[in-house]
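What follows is a short report on a single structure.
Residue numbers (our numbering): 140 to 602.
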């Protein structure tokens, strides 16, 4: 007899608590092998293909494409037959955080639905699949005194729907139920926008924002002294702050709250640096990018001014100077701003840096960066000159201590060797955490970077 195993959205690491279904890779009725990718999800950090630790036949999928699920929510169910191999029944050896290697968990007990009940919203069971939900409880049927028809969902059963007198309320996510409960919103008053009327978190949030959505009457009547929230304007387009955009918003807000930042800037003559790059690329071999040369200059400057390659431990009230330089660089993609990290940038030459920048940039463009490639930076290089702007005051990438901004390189009048000439000029700006150093250190770092840009031979002293 086949055993139906439930596969939940695993913990994808890096503190991620939810993911959005981008694309299903299997259909109901498909046969899957152990560790076969079954769904592509987007987290706040990257696109990830999630492998299933069981082998068998897919009997149900939970959530349509575009649905956001919390970690621990069901993704799909797999029927494992008695003829399955040992690998299929004992589980995967390929581990994502939170599952794999161990034996599959025992199926949770589900109770029978009332007459006419349907399968759980968001699930697409295969024909003939036997699904069970719990019954609705009515006072006439023997509910305990003081019990509520909506409050019989076991705390551990994240799949159970909220039951009401006229049938089940289509809610899968425990986060949705908690959000409604904490805000006093009666889910029975909502019509879900998800598949088969599934109530999504966006439905609850919209209901809480809307002054026209009926909500549960308060326990006590309003008095003249009770403040009433004003109705929000309904015009305009609302865009949820989630995924990468939400993560960027949270991180930048935290940076502004916690870091007392300051910015200094300087114009530099980059003519000789461009000449040096052309000479390097004229010799054959892999091309050296301008970003790689700027990164090499940064690592040399950080070796001289290590205060800027640090972080602040607020709980211990300590500045932690870091031994390795993991260099982040800002990359604009269709999914938003991401900051891939070049590991051990201080050990790489210009050719190695060019290759790594190219690899990470392509991964950012295709959305295949891993969470590990988007975290752990110690200093960030931001080349906003590609957008055609001269200067900026960058916001530090928390918990780092500094960011170097590079504007566009354009011909400008410049005094060169005592005479007015047209030179290729760039503006460099440094935003730094004033807790880790004072202006003298920041100015010294920026001046050294500018000297290396103007006279690349200065860089030879640190090679």
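Every residue gets a Cβ at the ideal spot worked out from N, C-alpha and C, and that includes glycine. These numbers come from a predicted model, not from an experiment.
Can you find the residues in the same chain that come closer than 6 Å, C-beta to C-beta, to residue i, ignoring five residues on each side of it along the sequence?
{"i": "residue 591", "result": "436, 597, 598"}
{"i": "residue 166", "result": "none"}
{"i": "residue 179", "result": "161, 162, 188"}
{"i": "residue 495", "result": "481"}
{"i": "residue 125", "result": "Outside the modelled stretch of the chain, which goes from 140 to 602, sits residue 125, for which no answer is possible."}
{"i": "residue 226", "result": "Below a pLDDT of 50, predicted positions are generally treated as unreliable, and residue 226, at 46, falls in that range; no measurement from the model is reported."}
{"i": "residue 391", "result": "534"}
{"i": "residue 551", "result": "564"}
Taking residue i as part of the alpha helix (DSSP H), name the residues at either end of that continuous run.
{"i": "residue 437", "result": "429 to 443"}
{"i": "residue 416", "result": "410 to 420"}
{"i": "residue 489", "result": "489 to 505"}
{"i": "residue 582", "result": "578 to 593"}
{"i": "residue 452", "result": "It is not in any alpha helix (DSSP H) - residue 452 instead sits in the beta strand (DSSP E) that spans 449 to 452."}
{"i": "residue 329", "result": "Neither: residue 329 is in no alpha helix (DSSP H) and is coded neither H nor E."}
{"i": "residue 177", "result": "Note, residue 177: premise wrong, no alpha helix (DSSP H); beta strand (DSSP E) at 175 to 181."}
{"i": "residue 513", "result": "Per DSSP, residue 513 belongs to no alpha helix (DSSP H) and is neither H nor E."}
{"i": "residue 347", "result": "340 to 348"}
Looking at the secondary structure, which residues open and close the beta strand (DSSP E) in which residue i lies?
{"i": "residue 158", "result": "157 to 163"}
{"i": "residue 531", "result": "First-last for residue 531: undefined, no H or E at that position."}
{"i": "residue 560", "result": "558 to 572"}
{"i": "residue 544", "result": "541 to 545"}
{"i": "residue 460", "result": "457 to 460"}
{"i": "residue 470", "result": "470 to 472"}
{"i": "residue 477", "result": "475 to 477"}
{"i": "residue 519", "result": "518 to 522"}
Mapping DSSP to helix, strand and coil, what is residue i?
{"i": "residue 390", "result": "helix"}
{"i": "residue 374", "result": "coil"}
{"i": "residue 194", "result": "coil"}
{"i": "residue 143", "result": "strand"}
{"i": "residue 549", "result": "strand"}
{"i": "residue 209", "result": "strand"}
{"i": "residue 203", "result": "coil"}
{"i": "residue 575", "result": "coil"}
{"i": "residue 216", "result": "strand"}
{"i": "residue 466", "result": "strand"}
{"i": "residue 486", "result": "helix"}
{"i": "residue 407", "result": "strand"}
{"i": "residue 401", "result": "strand"}
{"i": "residue 446", "result": "helix"}
{"i": "residue 315", "result": "helix"}
{"i": "residue 166", "result": "coil"}
Between the options, which has its C-alpha nearest residue i's C-alpha?
{"i": "residue 527", "options": "545, 540, 498, 216", "result": "545"}
{"i": "residue 448", "options": "422, 379, 490, 571", "result": "571"}
{"i": "residue 534", "options": "583, 418, 512, 395", "result": "395"}
{"i": "residue 315", "options": "595, 338, 421", "result": "338"}
{"i": "residue 416", "options": "196, 593, 195", "result": "593"}
{"i": "residue 144", "options": "158, 454, 219", "result": "219"}
{"i": "residue 588", "options": "540, 439, 542, 575", "result": "439"}
{"i": "residue 194", "options": "217, 453, 538, 502", "result": "217"}
{"i": "residue 576", "options": "333, 451, 374", "result": "451"}
{"i": "residue 156", "options": "182, 141, 142", "result": "182"}
{"i": "residue 376", "options": "318, 192, 345", "result": "345"}
{"i": "residue 471", "options": "456, 499, 457, 455", "result": "499"}
{"i": "residue 198", "options": "513, 169, 457, 479", "result": "169"}
For residue i, which residues from the same chain have a beta carbon less than 8 Å from its beta carbon, with the 5 sequence-adjacent residues on both sides left out?
{"i": "residue 507", "result": "185, 186"}
{"i": "residue 524", "result": "545, 546, 547, 548, 565"}
{"i": "residue 401", "result": "570, 571, 573, 578, 581"}
{"i": "residue 483", "result": "463, 464, 465"}
{"i": "residue 531", "result": "521, 523, 544, 546, 568"}
{"i": "residue 108", "result": "The chain is shown from 140 up to 602; residue 108 falls before or after that span and cannot be answered."}
{"i": "residue 453", "result": "397"}
{"i": "residue 427", "result": "416, 419, 420, 489, 490, 493"}
Grab me the residues of residue i's own chain with a C-beta within less than 7 Å of its C-beta, minus the 5 sequence neighbours each way, in chain order.
{"i": "residue 176", "result": "164, 188, 189, 190"}
{"i": "residue 379", "result": "341"}
{"i": "residue 474", "result": "383, 506"}
{"i": "residue 445", "result": "460"}
{"i": "residue 476", "result": "387, 469"}
{"i": "residue 393", "result": "537"}
{"i": "residue 583", "result": "444"}
Is residue i near the ligand FMN, in the sense that its beta carbon is under 7 Å from a heavy atom of that ligand?
{"i": "residue 141", "result": "Ligands are entirely absent from the displayed structure, and the ligand FMN is therefore not among its contents."}
Below 8 Å, can you find three or more Cβ-Cβ pairs linking the stretch 561 to 579 to the stretch 406 to 423? yes
Looking at C-beta atoms only, is the number of pairs between the stretch 467 to 474 and the stretch 517 to 524 that lie closer than 8 Å three or more? yes
I'd like to know if the stretch 425 to 443 and the stretch 475 to 490 are in contact, where contact means that at least 3 CB-CB pairs between them fall below 8 Å. yes
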